[in-house]
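Here is the structure we will look at, set down as structure tokens.
Protein chains: 6
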Amino acid sequence: MATVKLLTDAEAEAIPEVRAVFDDIRATRKSDFVNNFWRGLANDPPALARVWGQLKSVMTGQTVLDPVVQEMIYIAVSTANTCGYCVHSHTAAARKKGMTPPQHAELLAIIALAAQTNHLATAMQLPTDPDFLVEG
Amino acid sequence: MATVKLLTDAEAEAIPEVRAVFDDIRATRKSDFVNNFWRGLANDPPALARVWGQLKSVMTGQTVLDPVVQEMIYIAVSTANTCGYCVHSHTAAARKKGMTPPQHAELLAIIALAAQTNHLATAMQLPTDPDFLVEG
Amino acid sequence: MATVKLLTDAEAEAIPEVRAVFDDIRATRKSDFVNNFWRGLANDPPALARVWGQLKSVMTGQTVLDPVVQEMIYIAVSTANTCGYCVHSHTAAARKKGMTPPQHAELLAIIALAAQTNHLATAMQLPTDPDFLVEG
Amino acid sequence: MATVKLLTDAEAEAIPEVRAVFDDIRATRKSDFVNNFWRGLANDPPALARVWGQLKSVMTGQTVLDPVVQEMIYIAVSTANTCGYCVHSHTAAARKKGMTPPQHAELLAIIALAAQTNHLATAMQLPTDPDFLVEG
Amino acid sequence: MATVKLLTDAEAEAIPEVRAVFDDIRATRKSDFVNNFWRGLANDPPALARVWGQLKSVMTGQTVLDPVVQEMIYIAVSTANTCGYCVHSHTAAARKKGMTPPQHAELLAIIALAAQTNHLATAMQLPTDPDFLVEG
Amino acid sequence: MATVKLLTDAEAEAIPEVRAVFDDIRATRKSDFVNNFWRGLANDPPALARVWGQLKSVMTGQTVLDPVVQEMIYIAVSTANTCGYCVHSHTAAARKKGMTPPQHAELLAIIALAAQTNHLATAMQLPTDPDFLVEG
Chain S
62 MATVKLLTDA EAEAIPEVRA VFDDIRATRK SDFVNNFWRG LANDPPALAR VWGQLKSVMT
122 GQTVLDPVVQ EMIYIAVSTA NTCGYCVHSH TAAARKKGMT PPQHAELLAI IALAAQTNHL
182 ATAMQLPTDP DFLVEG
Chain Z
62 MATVKLLTDA EAEAIPEVRA VFDDIRATRK SDFVNNFWRG LANDPPALAR VWGQLKSVMT
122 GQTVLDPVVQ EMIYIAVSTA NTCGYCVHSH TAAARKKGMT PPQHAELLAI IALAAQTNHL
182 ATAMQLPTDP DFLVEG
Chain R
62 MATVKLLTDA EAEAIPEVRA VFDDIRATRK SDFVNNFWRG LANDPPALAR VWGQLKSVMT
122 GQTVLDPVVQ EMIYIAVSTA NTCGYCVHSH TAAARKKGMT PPQHAELLAI IALAAQTNHL
182 ATAMQLPTDP DFLVEG
Chain Y
62 MATVKLLTDA EAEAIPEVRA VFDDIRATRK SDFVNNFWRG LANDPPALAR VWGQLKSVMT
122 GQTVLDPVVQ EMIYIAVSTA NTCGYCVHSH TAAARKKGMT PPQHAELLAI IALAAQTNHL
182 ATAMQLPTDP DFLVEG
Chain F
62 MATVKLLTDA EAEAIPEVRA VFDDIRATRK SDFVNNFWRG LANDPPALAR VWGQLKSVMT
122 GQTVLDPVVQ EMIYIAVSTA NTCGYCVHSH TAAARKKGMT PPQHAELLAI IALAAQTNHL
182 ATAMQLPTDP DFLVEG
Chain X
62 MATVKLLTDA EAEAIPEVRA VFDDIRATRK SDFVNNFWRG LANDPPALAR VWGQLKSVMT
122 GQTVLDPVVQ EMIYIAVSTA NTCGYCVHSH TAAARKKGMT PPQHAELLAI IALAAQTNHL
182 ATAMQLPTDP DFLVEG
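Chains as they are written, first to last, in the working numbering: chain S, 62 to 197; chain Z, 62 to 197; chain R, 62 to 197; chain Y, 62 to 197; chain F, 62 to 197; chain X, 62 to 197.
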């Protein structure tokens, strides 16, 4: 159904670069499950390594934000970009990391509010208040 | 420069419904500053009251998320929706509420990462993994 | 400031295909004013003729919708696509064609409401109700 | 399939706040049908009440626009925001309120035209013509 | 499942304007296959003729870009606009015209990179460098 | 005017990680000019190094696409994502690498066409034709 082939475990095993990334995904996440995103991206092994490396560095390195907060920001961007796959995968990830139903509800309320004021500000074509600007 | 008139303080004072909202904005924020968003929305007093009421309820009521986290989610949505005015106003708000430079940097890194994987997932048209689905 | 040159009247006069379209824009709109959109598009005379022809046909031919309604729909799309230039030009056009302040206010209220429910539906990844589907 | 549970009628009945909104939806629409949007939003009863209240006020209160026009604007925003669920639900609603096939066809023609000129204006990064600006 | 009826071959044959466009699509593409896009658009015969005419003129007339490059640009826009149907149809078209797996991989890598830097530039609200501007 | 400080050359020189990237940008581009994107991103030196590294690898490594084609794809994504800064910077880059006015005109024509058909496909909520699917 995708526009690219989704590599099976056997196919992934056969390409050393892909195998190394899949092994690292499993080790980092302490789970055998490798989701379709990586199976599709594996058609381009350097891209697979680059994107996984960036995700691992941003989301699991020496971070200042809480893992649940990180995933909520991810859901917010994915929703505004209308990526259905991403909304599903990061909502699942947020829940696994401890997002509670009230946190999820508040996240959705802020997304909805922001979408509304974003559209109003655009429809009014508002000039930015000087008070908001970072001093040069 | 906007597509609507931005009400001055004198004009806002003259409309009781608008005056009441502006007073509440000032009281809630403990600041005399009322930004252009509300001055533009004041052309439609019921909308002004409704949107301010929603924002006040979602952002300052009995919330479960930290105010800085709330503003970071707001920035994330505003960025993905490319609302320049909103990115400016909520980055300023986040700073006022205590967002540190490392938090801002990590927020931008997650937004950038999510934008990237959102576009990849869309370009690959990935089917959602069954594992991500909420059980019926 | 644009990424293309905006043709002056003198430059437009010198290219027969462009001149013909500019003349038709002026005649159709009963105004001497030709806005920047057409001056930029004039760098590609066939595109100028094609887009103007389509706009003229859709907006001023045998239409079933009221001209103000047409412009309100145009503003709605332009806002959701965050095209600042287009929001400005079509809000001005709607006003010229008779859009009243209460109509503008209601338009903005619907845009804001739709943006909000759009984001909520996307964040919840709702399955379409069978009742909504057109029967095959 | 959604990222939240869709409440059944029995589950909705059991929560007084949800029951009250569902009853009002049914009474306002003169129909027993409550679509998935509200069943998903019902996980957050205050959000359910707030969003329904706003929709009811904007779409069915003392409006200046025709109900079919309101729904066409809603479809325009939902299309530009690529909310599939919303395009389906509001196209169904517009038809129920009397949108004719020629009106639907013209709506789609304007959406398509606007999308095209939106992208052209953005690709050319056009400066706004001074004539379009609201006088201060 | 669509919001409009998808015309069957028999229905298309019965409407002369639609039949003429379908015949031209088949002749131009040297294939009997007419995809759902045209079957849906056929509900509005003038729109069908207009959009097909534009697509034929832009994509198959006296073009300066390679057909594979044209389709890659189409995929890029369709991805950023999150049109799943379009991503599928133009990826299939690009492959038919000769897009290789390494070209597809590089296309996705550029889309992903651009999405990332687009969001960063928006989040930082960068002023355009004077060096980038076209001289007046 | 940005939401972050744009580092001057003196400030960039003072941070070894930033200096190294700025030096590499200048060497790779054979130009002294470092545009605002990098000056803003330099507030987060690891992000600066990561994004520059990715851009350098994707755009200037062992690529299969022509540099002008790469930049045209970049412009296409940036336009659909309505990133004004990016449209400006990549249009300038494409010109520097040899994009001709007819190529630019055709690029804009394809972007405009795609935007139009994207919105039509979304408004019609078309099911993907089985012919477009990659065989499993």
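Don't be surprised by glycine CBs; every beta carbon is placed ideally from N, CA and C. Keep in mind that this is a model prediction, so the values were computed, not measured.
Asked                                                                                                                                                       : Found
State the CB to CB distance for the pair F:M185 and X:V65, rounded to an integer number of angstroms; the pair is presumed to be in contact (CB under 8 Å). : 5 Å
Taking only beta carbons into account, state which residues of the segment 109-130 of chain Z come closer than 8 Å to chain Y, listed in chain order.       : R111, Q115 and S118
Where does Y:T124 fall in DSSP's three states?                                                                                                              : coil
Using beta carbons (cut-off 8 Å, strictly below), is Y:D85 in contact with chain R?                                                                         : no
Taking the alpha helix (DSSP H) that Y:F193 falls in, what are its first and last residues?                                                                 : Y:F193 -> no alpha helix (DSSP H), and no H or E assigned at all.
Considering only the alpha carbon of each residue, which of Y:L181, Y:W113 and Y:K91 lies closest to R:D105?                                                : Y:L181
Select from the segment 129-146 of chain R all residues with a C-beta closer than 8 Å to any C-beta belonging to chain S, and list them in chain order.     : I136, T140, A141, T143 and G145
Classify X:G197 as buried or exposed, calling it buried when 16 or more other Cβ atoms lie within 10 Å of its own Cβ.                                       : A caution first: X:G197 carries a pLDDT of 42, below 50, which makes its placement in the model unreliable, though a value can still be read off. So X:G197 ends up on the exposed side.
Does the CB of Z:A182 have a neighbour CB from chain X at under 8 Å?                                                                                        : no
Three or more C-beta pairs under 8 Å: does that hold for the segment 160-167 of chain R against the segment 66-85 of chain Y?                               : no
Does the beta carbon of X:R185 come closer than 8 Å to any beta carbon on chain S?                                                                          : The identity of residue 185 of chain X in the sequence shown is Met, whereas the question assumes Arg. Judged by the 8 Å Cβ criterion, X:M185 is not in contact with chain S.
Let me see if you follow: with CB-CB separation under 8 Å, is Z:T152 close to chain X or not?                                                               : yes
Shortest alpha-carbon distance to F:V130 belongs to which of X:P188, X:E167, X:W99 and X:N96?                                                               : X:E167
Taking three-plus beta-carbon pairs below 8 Å as touching, is the segment 138-147 of chain F in contact with the segment 131-141 of chain X?                : yes
Strictly under 8 Å for the Cβ-Cβ distance: is X:L169 near chain Y by that measure?                                                                          : yes
Taking the continuous alpha helix (DSSP H) assigned at R:L102, which residues delimit it?                                                                   : N97 to L102
Could you pull the start and end residues of the alpha helix (DSSP H) that Y:D82 belongs to?                                                                : Per the sequence presented here, residue 82 of chain Y reads as Val, with Asp not at that position. Run containing Y:V82: P77 to R90, per the alpha helix (DSSP H) assignment.
Below 8 Å between beta carbons: does that hold for S:L126 and Z:Q115?                                                                                       : no
List, in chain order, every chain Z residue whose beta-carbon is nearer than 8 Å to that of X:N97.                                                          : What X:N97 touches in chain Z: nothing, since even the nearest Cβ is about 15 Å away.
Report the three-state DSSP secondary structure of R:N179 (helix, strand or coil).                                                                          : helix
Between Y:Y146, Y:I134, Y:R80 and Y:L194, which lies nearest to R:T152 when the distance is taken from Cα to Cα?                                            : Y:L194
If we ignore side chains and look at the alpha-carbon of each, how far apart do S:R111 and S:L102 end up?                                                   : 10 Å
Near S:D192, what residues of its chain come up, given a Cβ to Cβ distance below 8 Å and the 5 sequence neighbours on each side ignored?                    : none
Starting from Z:T152, trace the alpha helix (DSSP H) in both directions and tell me its first and last residue.                                             : G145 to K157
Give the DSSP-derived three-state secondary structure of R:D70 in the structure shown.                                                                      : helix
Could you list which residues in chain F have their beta carbon closer than 7 Å to that of X:L174, in chain order?                                          : Q115, L116 and V119
Measure from the alpha carbon of F:S92 to the alpha carbon of each residue in F:W113, F:F83 and F:F98, then state which is nearest.                         : F:F83
Using a threshold of 8 Å, state whether the C-beta atoms of Z:A155 and Z:M133 are closer than that.                                                         : yes
Return yes when the Cβ of R:L187 is within less than 8 Å of the Cβ of Y:N97, no when it is not.                                                             : yes
Let me confirm a value: S:H165 is counted as buried when at least 16 other C-beta atoms fall within 10 Å, else exposed. Which label applies?                : buried
Mind listing the chain S neighbours of R:N104? Cutoff is C-beta to C-beta under 7 Å, in chain order.                                                        : Under the 7 Å cutoff, chain S gives no residues; its nearest Cβ is about 26 Å from R:N104.
Tell me the rounded alpha-carbon separation between S:A108 and F:A170.                                                                                      : 7 Å
Considering only the alpha carbon of each residue, which of S:T183, S:V95, S:R100 and S:T89 lies closest to Z:Y146?                                         : S:T183
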